[in-house]
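Everything on this sheet refers to the single structure shown next.
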Amino acid sequence: MTEDLSPAERYAASRQRAAEQATALASFREMYDFGLDPFQIEACQALEAGKGVLVAAPTGSGKTIVGEFAVHLALRHGKKCFYTTPIKALSNQKYADLAKRYGADKVGLLTGDNSINSDAPVVVMTTEVLRNMLYAGSQALLGLGHVVMDEVHYLSDRFRGAVWEEVIIHLPESVTLVSLSATVSNAEEFGDWLDTVRGDTAVIVSEHRPVPLFQHVLAGRRVYDLFEEGEGQKKAVNPDLTRMARMESSRPTWGRDKRRGRGVREADRERERRQRTRVWTPGRPEVIERLDADGLLPAITFIFSRAGCEAAVQQCLYAGLRLNDDEGRARVRAIVEERTSSIPTEDLHVLGYYEWLEGLERGIAAHHAGMLPTFKEVVEDLFVRGLVKAVFATETLALGINMPARSVVLEKLVKWNGEQHADITPGEYTQLTGRAGRRGIDVEGHAVVLWQRGMNPDHLAGLAGTRTYPLRSSFRPSYNMAVNLVEQFGRHRSRELLETSFAQFQADRSVVGISRQVQRNEEGLEGYKESMTCHLGDFEEYARLRRQLKDRETDLARQGVSQRRAAASTALEKLKPGDVIHVPTGKYAGLALVLDPGLPAGRSNGHRGFDHHDGPRPVVLTAERQVKRLAAMDFPVPVEALERMRIPKSFNARSPQSRRDLASALRTKAGHLVPERHRKQRAAAADDRELARLRTEIRAHPCHGCADREDHARWAERYHRLVRDTTQLERRIEGRTNTIARTFDRIVALLTELDYLRGDEVTGNGKRLARLYGELDLLASECLRAGIWEGLNPAELAACASALVYEARAADDATAPKLPSGQAKAALGEMVRIWGRLDALEEDFKINQTEGVGQREPDLGFAWAAYMWASGAGLDEVLREAEMPAGDFVRWCKQLIDVLGQIAAAPAGGEAPSTVAKNARRAVDGLLRGVVAYSSVG
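Everything in the sequence shown is counted per the numbering used here, starting at 1014 for the first residue and increasing by one.
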């Protein structure tokens, strides 16, 4: 085609080609053996032009190429580049990739666990490390040209998201920011904010998946396509699935076996269901065999439970599944033995190494947070090499780890969110299924959902077809943030900085829409007022009387409920350990033995005090051998002791045998007792004078006799409702304006009260708080200030510091945790008392924990395990006592090591020499051994 161009055009084209060849992008493209996608080229060109970029693209689309171009640009211009990731495993993986490409001498790694070549021009780190550098004014920031924030959509995370915004706001203006995000529906809004706080930012959004994704449902022995084949954007749901769902919903559910008077066993029920229909939920080994037969391996099966992942591997092993040949088995064993050679033989037995290895040799593995990090890394490595073909994983695997598969299987569309079982969101579905389809290997990816009884194909199609994953800020000021900001900028400038957060940006934008709604409501109120006008009198006054009557009736009913609750609470306060009661309602209704009356803090008879705002919460042993802490809702009526029983001193609530024996004694002694029926009392409304007065006034009002009274009343009710809604909207406008700054003001006021701040001056106590990062930063600072850790040996200090980081996965407070004796126990008790004082102070200053601000109660559940490990106990003994998986134990130890390092580095507040810093360093040495020290890189 060049011969068709004029000489001038050929010259211009030649000049353009020469200019392109001289760009950094041209030399960067030569480093890859594949061409770049249009969105990657657009983002790289914007970067080279000196702009910041936000790239929002699906998982597996190659957006990290843009981050790697930022590394290339920084090295080309003699600048530094920091590459931040949300999790340590992803940091380790990215470090290995960049070190391989640019050489280990040019790439460093900084996480809570590792520090490798930290002065290199390119450093991979977790986002928290960069935040801490910014607040500390680290020299490493000198010469910084680019910062890549991988998985920037993490700023929605309610626990850690604020860190991303802190970094974005506080990075020097000279630094170019590269933000890489999953596909989000409000990328333009996020880009507008970045434009405001960081300057010129190009927003590049790509919805295109390089490997197309096909959606399926596996029911019985058949794989159904979720959508019908057809043209156009809007795809119809497969009618076969709709028909199956309709047929299954019309069948009766299999109930109880009338002849035997008990529930049919699950296996019998499943067999009967299979006989009546060809549709059933296939077992895990069946699923893998079917995928293998259809050429859909390797596959990741997402099971939203750690125990479920481990059980799935065992089920496949028992079924005799083998996905590797002899050569593959030998390669797996060689790799595994090399990667685990540093783990002592006695620890391998404890960690379940041999069972894990057998699964790997067969090409099957689990992947979840409860596993030892080394084991997880081996699974990831073998999966990428194609030597593990079936992985059963929790959703944590979807968070950025590079483990693409040909297929992704979802067992259920419901997961536990920490509070309840909830449907997964379209965003979560997209994130999970985004793993399917390996670029450069697979022609297509496959998402397979297992058929479950009651499944709605239209709901599944909605999940698969929706791309709504809005980015919502979780930014909230913290105590540590406040002192660091005031130290650097003063109170006034700090307040202005916080007003530039994405949280405030979103709040301010939402106010515009609310203001328009208020205007529309005010126009509507005029029309409603006209429609309720009555020719006989003032209908607004009449409607007000009717509302007062209704409100009074509601108040009296509420008072009755309150009185019944108070009576029930008073009755609970009289209970003593050994009382036999009948729980009137709830999940644990029936006979129960009181183990602990569960009185609120300060009235606990030496037992660990709980601040129960709803009254006593007794711990009971039910007749079914369960030890549970009950709530007020279980006692709608007063309860009395039916009988007394002696609780053996040897009773251990954690021992199944102890529970079984005591429950048996309970049934024997009190199984025949029947509680007295509670008599209902006369309703307060029957004798209320205010009700009688209002009824008389209503009957005497002129509007009461109007023929159109009820029609007017309906308009009056609408008018009242719209007035109420408008008032609420006006409050929302007021509440959303300057919300972040108001929270900051309250935090500063509390810190001033505690002498951490004096105006714009940060005191010695404040300087110490500025170096303590974490959820319980203020509690840690107050403990250091009070000197409660002085005189503790390293193991005791480790036990106390564990309460600052540990948080139990399940909020089960039925039994008090085991604690070290002596000084450590006293110090832990003092920590809880200090927290109680801070909690009361936060309430006074209106600092609300539900909004993500403030100090949660320290959790003492890891203190004994930390004490044992720091004291040199063996892994087998510690894991048995801690009753937790090795991976969890290692993770909590590493977080504990991190906080101990902060305690050791925090400036001393008092004049007297402190032993805490020295013992904190010794505690770190005591913890950093064995499995905790096995942190591999690459």
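Beta carbons are placed, not taken as given, at the ideal position from N, Cα and C, and that holds for glycine.
Residues of the same chain with a CB within less than 7 angstroms of the CB of Ser1219, apart from the 5 flanking positions on each side, are Phe1052, Ala1070, Ser1074 in chain order. Check the Cα spacing between Arg1744 and each of Leu1707, Ala1883, Ile1527: the tightest is with Ile1527. Around the beta carbon of Met1044, fewer than 16 other beta carbons lie within 10 angstroms, which makes this residue exposed. Pairing Thr1583 with Pro1651, the inter-Cα distance amounts to about 8 angstroms. In this structure Gln1517 is buried. Its beta-carbon is surrounded by 16 or more other beta-carbon atoms within 10 angstroms.
The continuous stretches of beta strand (DSSP E) do not include Leu1704, which lies in the alpha helix (DSSP H) extending over residues 1702–1713.
In this structure, the alpha-carbon of Leu1789 lies about 34 angstroms from that of Thr1072. In this structure, the straight-line span from the alpha carbon of Lys1092 to that of Ala1520 is close to 37 angstroms.
Looking only at Asn1130, Pro1439, Gly1233, the smallest Cα-Cα distance to Thr1196 is reached by Pro1439. Membership of Leu1785 in any alpha helix (DSSP H) is not indicated, and neither H nor E is assigned to it by DSSP. A direct Cα-Cα distance of roughly 27 angstroms separates Thr1214 from Gly1447.
Within the same chain, and ignoring the five residues on either side of Thr1513 in sequence, the residues whose Cβ sits closer than 8 angstroms to its Cβ are Ile1182, Thr1209, Val1210. Phe1902 and Thr1036 have their alpha carbons spaced roughly 50 angstroms apart. With fewer than 16 other beta carbons inside 10 angstroms of its own, Ile1454 counts as exposed. For Ser1128, the closest C-alpha among the options Gly1048, Lys1831, Asp1768, Tyr1108 is that of Tyr1108. Residue range 1235–1238 is occupied by the beta strand (DSSP E) that includes Asp1238. In the same chain as Ala1258, and ignoring 5 residues on each side of it, the C-beta atoms closer than 7 angstroms to its own belong to Met1468, Asn1469, Pro1470, in chain order. The criterion of a C-beta distance shorter than 8 angstroms is not satisfied by Glu1061 and Leu1088.
If the five residues before and after Gly1914 are omitted, its C-beta is found closer than 7 angstroms to the C-beta atoms of Val1937, all from its own chain and listed in chain order. Here Pro1298 is near Cys1329, since their CB atoms are less than 8 angstroms apart. The beta carbon of Thr1635 is closer than 6 angstroms to those of Tyr1601, Ala1605 in its chain, skipping five residues each way along the sequence.
Val1401 places its beta carbon less than 8 angstroms from that of Ala1378. Residue pairing by DSSP puts Gly1603 in a beta bridge opposite Val1596. With contacts defined as CB atoms closer than 8 angstroms, Leu1193 and Asp1163 qualify as a contacting pair. When rounded, the separation of the alpha-carbon atoms in Arg1942 and Gly1503 is 43 angstroms. Cβ neighbours of Tyr1167 within its own chain (closer than 8 angstroms, five residues either side excluded): Pro1099, Thr1140, Arg1173, Gly1174, Trp1177. In the same chain as Leu1049, and ignoring 5 residues on each side of it, the C-beta atoms closer than 7 angstroms to its own belong to Arg1042, Ile1078, in chain order. For Phe1405, the uninterrupted beta strand (DSSP E) run begins and ends at 1403–1406, by DSSP. Leu1060 carries a helical assignment under DSSP once its states are collapsed to helix, strand and coil. From the listed residues Val1929, Lys1248, Asp1436, the smallest Cα separation to Phe1317 is found for Asp1436. Ser1544 sits in a helix when the DSSP states are folded into three classes. Annotation: the continuous alpha helix (DSSP H) that includes Thr1209 extends over 1200–1211.
Burial state of Arg1557 is exposed, judged by a 10 Å Cβ sphere holding fewer than 16 other Cβ atoms.
Going by DSSP, Lys1093 is part of no alpha helix (DSSP H) but of the beta strand (DSSP E) stretching over 1093–1098.
Segment contact: the segment 1775–1789 against the segment 1480–1500, three or more CB-CB distances shorter than 8 angstroms; contact assigned.
Asp1360: member of the alpha helix (DSSP H) spanning 1358–1363, first to last residue.
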